[in-house]
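As structure tokens, the structure follows; a few thoughts come after it.
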Amino acid sequence: MPIARIFTMKRLMYKLVIIITLFILPYSLANAAGCVPNSNLGKTVYLPVDNIIIQSDESIPVNTILKSYEVYTYPVGHPYYLSGGTCNFSFNSQYLNGWDQYASNKIAQTNINGIGIRAAPMNKDIIGYSVSFTTSPIHANGKMSIPGGYNWNVYIIKTGPISNANGQTIKAGPFAEFYTFDYTIDRRQTISKLAIPNNFRITVASCTINGSNDFNINLGDWFDTKFNKIGDVSNNIDIPISLSCIAGTNIKVTVTSDNIDDAANGRIGLTGIDKATGIAVQLLNNAGVAITLNQQITQRDNTAQGNYIFGWKARYIKTAETVTPGIANANATVNITYE
């Protein structure tokens, strides 16, 4: 009887070992499954440093793209993002660093009122999703890559009235992440991250130019007998520069020309074939004083809200003893700075 009991126990232990083995083998195979990510991925790229100058907030409709960028993370032909294996995975993206979504348009609202950012990872011709998104599961078997390279398409968008943007910087730091998620083994792999650099600025100009940026001023036709002595001048003609400004704007200007006759006295030399000689064009400010050329001057400080007219004039002036008749054209550029 004792021997029979020992033999029965051995058979029971043998069966028990087999049962345990059958449970262990499938578990080991599951651990070995899944896709193999490329360990070289995970690069962070930055938007280029920029200063977007908005000339007139009121004239720009909401949802207008103010500027767009294409930021490449990896070049075309970059190694695979999945280096092998078999799995079911998805592409995913999300905002980082506390960025909030604006409405339902997947636009992140910045710290500047009325300015948002929308980002789309990957080649826009392949997927073109805007952050954030998750694709349906994709079956992968072996190596996989995205043709066209890896990039971010980024859009700066007006989301409402723009305020507190007088050269203010958008919050710097991590902005968005693009990654894959392997459902087979519950693993995520960062493909690339997008970040906002320091000194990325939005500036709403304090003034806008009313009408055209180019002016053709007709000073008229004159006989040489009009200019008897050096310093004689023709009639003053208005230069119709007009701005629309917010209250308190400081306006500074610099007048330049490729052919200056006398900078201190605001005299511009004539140009072109068959030009007249002994004559220059003179520019005057709103006080009737010659405008100094190639030098920044203050046109007006602390302007009132609304339109501001420069009140400048132009005229011919005799600069030499002898005047030779001819064409009397001149060119100048007015650079205006708002503070």
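The numbering of the sequence shown is my numbering, which starts it at 1 and goes up by one.
Note that the Cβ used here is the ideal one computed from N, Cα and C, for glycine as well.
Can you name the start and end residues of the beta strand (DSSP E) that residue i belongs to?
| i | result |
| --- | --- |
| TRP222 | First-last for TRP222: undefined, no H or E at that position. |
| TYR338 | 333 to 338 |
| ALA314 | 312 to 318 |
| ALA140 | 138 to 144 |
| LEU47 | Neither: LEU47 is in no beta strand (DSSP E) and is coded neither H nor E. |
| THR203 | 201 to 204 |
| GLN189 | 187 to 196 |
| GLU177 | 173 to 182 |
| GLN94 | 82 to 95 |
| SER68 | 65 to 74 |
| THR324 | It is not in any beta strand (DSSP E) - THR324 carries neither H nor E in the DSSP assignment. |
| TRP152 | 150 to 158 |
| GLY116 | 115 to 121 |
| GLN55 | Where GLN55 is concerned, there is no enclosing beta strand (DSSP E), given that its DSSP letter is neither H nor E. |
| ILE60 | ILE60 -> no beta strand (DSSP E), and no H or E assigned at all. |
| ASP238 | 237 to 239 |
Cα-Cα, which of the options is closest to residue i?
| i | options | result |
| --- | --- | --- |
| ASN265 | GLY114, ASN294, TYR69 | ASN294 |
| ALA276 | LYS229, TYR69, ASN329 | ASN329 |
| ILE273 | ILE327, ILE217, ASP232 | ILE327 |
| GLY98 | VAL45, SER163, GLU177 | GLU177 |
| ALA140 | VAL36, ASN259, LYS252 | VAL36 |
| GLN305 | GLY269, ILE297, ILE246, TRP312 | ILE246 |
| LYS313 | ALA120, ASP258, ASP301, ILE237 | ILE237 |
| PRO240 | VAL233, ASP261, ILE217 | ILE217 |
| ASP221 | ASP214, VAL233, ASP50 | VAL233 |
| SER39 | PHE175, TYR179, SER136 | TYR179 |
| ASN235 | THR292, LYS318, ASN259, THR159 | LYS318 |
| ALA332 | LEU41, ASP258, THR292 | ASP258 |
| PHE215 | SER242, ASP224, MET144 | SER242 |
| TYR46 | ILE117, GLY116, TYR72 | TYR72 |
| PHE91 | TYR183, ALA320, VAL281 | TYR183 |
| PRO61 | THR169, CYS87, ILE157, THR292 | ILE157 |
| PHE89 | ILE185, VAL49, ASN198 | ILE185 |
| LEU284 | ASP262, ASN307, GLY311 | GLY311 |
| LEU41 | ASN63, ASP50, VAL49, TYR74 | TYR74 |
| ILE53 | SER244, SER59, LEU66 | LEU66 |
| SER212 | SER244, GLY114, PRO48, PRO121 | SER244 |
My assumption, with CB atoms under 8 Å, is that residue i sits in contact with residue j. Please give the rounded CB distance.
| i | j | result |
| --- | --- | --- |
| ILE191 | TYR81 | 6 Å |
| TYR155 | THR249 | At roughly 30 Å, the Cβ-Cβ gap does not stay under 8 Å, so TYR155 and THR249 are not in contact. |
| GLY34 | ARG187 | 7 Å |
| ASN315 | ILE251 | For the record, residue 315 in the displayed sequence is Arg; it is not Asn. Not quite, the Cβ-Cβ distance comes to about 23 Å (not below 8 Å), so this is no contact. |
| THR271 | ASN335 | Not quite, the Cβ-Cβ distance comes to about 20 Å (not below 8 Å), so this is no contact. |
| ALA195 | PHE175 | 6 Å |
| VAL323 | ILE268 | About 17 Å separates the two Cβ atoms, so there is no contact after all. |
| PRO137 | ALA172 | Rounded, the Cβ-Cβ distance is 35 Å, inconsistent with contact. |
| GLY116 | THR64 | That pair is no contact at about 11 Å. |
Does any C-beta atom of chain C lie closer than 8 Å to the C-beta of residue i?
| i | result |
| --- | --- |
| ASP214 | As a matter of chain content, chain C is missing from the structure shown, which is built from one protein chain. |
Measuring only from the beta carbon, is residue i closer than 7 Å to any heavy atom that is part of the ligand GTP?
| i | result |
| --- | --- |
| ALA290 | No copy of the ligand GTP appears in this structure; indeed no ligand is present at all. |
Is the number of C-beta pairs between the segment 284 to 291 and the segment 200 to 208 that are closer than 8 Å three or more?
no
Which runs of the beta strand (DSSP E) spanning at least 3 residues fall entirely within the segment 245 to 316, listed in chain order?
251 to 256, 260 to 262, 279 to 284, 297 to 300, 306 to 309
At least 3 beta-carbon pairs within less than 8 Å: the segment 206 to 223 vs the segment 148 to 163:
no
Three Cβ pairs or more, each shorter than 8 Å: is that satisfied between the segment 217 to 229 and the segment 131 to 145?
Of all C-beta pairs linking the segment 217 to 229 to the segment 131 to 145, fewer than three are shorter than 8 Å, placing the two stretches out of contact.
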